[in-house]
Amino acid sequence: DSGVTQTPKHLITATGQRVTLRCSPRSGDLSVYWYQQSLDQGLQFLIQYYNGEERAKGNILERFSAQQFPDLHSELNLSSLELGDSALYFCASSAWGPITDTQYFGPGTRLTVL
Amino acid sequence: AQSVSQHNHHVILSEAASLELGCNYSYGGTVNLFWYVQYPGQHLQLLLKYFSGDPLVKGIKGFEAEFIKSKFSFNLRKPSVQWSDTAEYFCAVNAGSGGGADGLTFGKGTHLIIQP
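Note that the protein sequences, when read in sequence, are chains V and P.
The numbers in the first sequence follow this note's numbering, run straight up by one, and end at 114.
The numbers in the second sequence follow this note's numbering, run straight up by one, and end at 230.
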């Protein structure tokens with residue numbers, strides 16, 4: 001157990017809908033990262049938050065957004081869902097954000113868009 | 115932008131065989147390198163990492179990796195594998211710029227199956 005929790009574990013929804021994925025980082029970690037894992041694209045970095053502020057952006061679509069709250073948990077919002085958004089979404093956390101920090105991964109949320 | 119390529123997508127070995135998984139990255143500057151493992155049904159776990167210093171790094175569960183800067187490689191090795199090493203292995207890199215932070219760029223992964 002990495003100490004990073006993600007809910008829900010599975011999510012099934014329809015095209016055009018909007019969903020919210022939740023992540024709680026390890027106790028004391030200030031930085032949260034979101035990744036998408038799909039069969040064709042592999043594991044891709046989406047976005048990073050550090051202590052409530054956006055720190056770095058990767059291949060995140062405009063339909064997707066995230067935020068980190070004062071209690072440091074983070075939410076990833078996916079809207080206008082398409083079939084191709086079906087994937088495993090991982091959250092990771094690290095102590096404070098320098099790139100030498102080890103990132104600890106959560107168990108993931110499996111999103112299926114029908 | 116960085117990229118990572120893992121040469122073998124599927125590897126099948128017998129127990130006690132030696133393992134070497136290839137990883138090459140493309141990035142002109144200083145890099146930090148990682149190997150993560152994902153056991154069936156579990157989350158990604160860090161096996162080992164290289165930031166600087168001795169290019170031969172030792173990780174958990176008997177794994178080691180060697181950073182060869184001239185070859186842009188960071189191959190993972192284990193002298194004798196066990197059935198419990200069956201998993202997906204991911205090589206990852208981020209830019210070692212020393213300032214700011216960035217997510218990890220992952221390779222596509224190598225699915226390792228160890229036969230008893």
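The beta-carbon is built from N, C-alpha and C at its ideal position, and this holds for glycine as well.
Quiz prompt | Helix, strand or coil at Gly176/P according to DSSP, with G and I counted as helix | solution = helix
Quiz item: How would you label Ser140/P, buried or exposed, when you count the other beta carbons within 10 angstroms and need 16 or more for buried?
Solution: exposed
Quiz item: Rounded to whole angstroms, how far is the Cβ of Gly3/V from the Cβ of Arg26/V, which I believe are closer than 8 Å?
Solution: 4 Å
Self-check item: Bridge partners - Cys205/P, DSSP secondary structure assignment
Solution: Trp149/P
Quiz item: Taking just the CA atoms, how far does Pro230/P sit from Leu30/V?
Solution: 43 Å
Practice problem: State the Cα-Cα distance for the pair Glu180/P and His10/V, rounded to the nearest angstrom. | Solution: 38 Å
Quiz item: Using a C-beta cutoff of 9 Å, does Ala56/V count as contacting chain P?
Solution: yes
Quiz prompt | For Trp34/V, the three-state DSSP class (helix, strand or coil) | solution = strand
Quiz item: Which residues of chain P have a Cβ atom closer than 7 Å to the Cβ of Tyr49/V, listed in chain order?
Solution: Within 7 Å Cβ-Cβ: nothing; Tyr49/V doesn't reach chain P, min ~10 Å.
Practice problem: Give a yes or no on whether the minimum CB-CB distance between Phe105/V and chain P is below 9 Å. | Solution: yes
Exercise. Can you have a look at Ile182/P and say buried or exposed, based on whether 16 or more other CB atoms are within 10 angstroms of its CB?
Key: exposed
Self-check item: Any chain P beta carbon closer than 9 Å to Leu43/V
Solution: yes
Quiz item: Thr112/V CB to nearest chain P CB: under 9 Å?
Solution: no
Practice problem: Please list the segments of the beta strand (DSSP E) lying wholly inside the stretch 36-69 of chain V, counting only runs of 3 or more residues, in order along the chain. | Solution: 42-50, 53-57, 64-68
Exercise. State the Cα-Cα distance for the pair Lys185/P and Gln120/P, rounded to the nearest angstrom.
Key: 14 Å
Exercise. List the residues of chain V whose Cβ lies closer than 8 Å to the Cβ of Phe204/P, in chain order.
Key: Leu43
Exercise. Count the C-beta pairs between the stretch 195-206 of chain P and the stretch 142-152 of chain P that are closer than 8 Å, then say yes if the count reaches three, no if not.
Key: yes
Practice problem: Determine the closest residue to Ile47/V out of Pro107/V, Leu76/V, Phe105/V, with distance taken between C-alpha atoms. | Solution: Leu76/V
Exercise. Check the DSSP bridge columns for Glu134/P and list the partner residues they point to.
Key: Arg191/P
Quiz prompt | Other residues of its chain near Pro193/P: CB distance less than 6 Å, five sequence neighbours each side excluded | solution = Ser132
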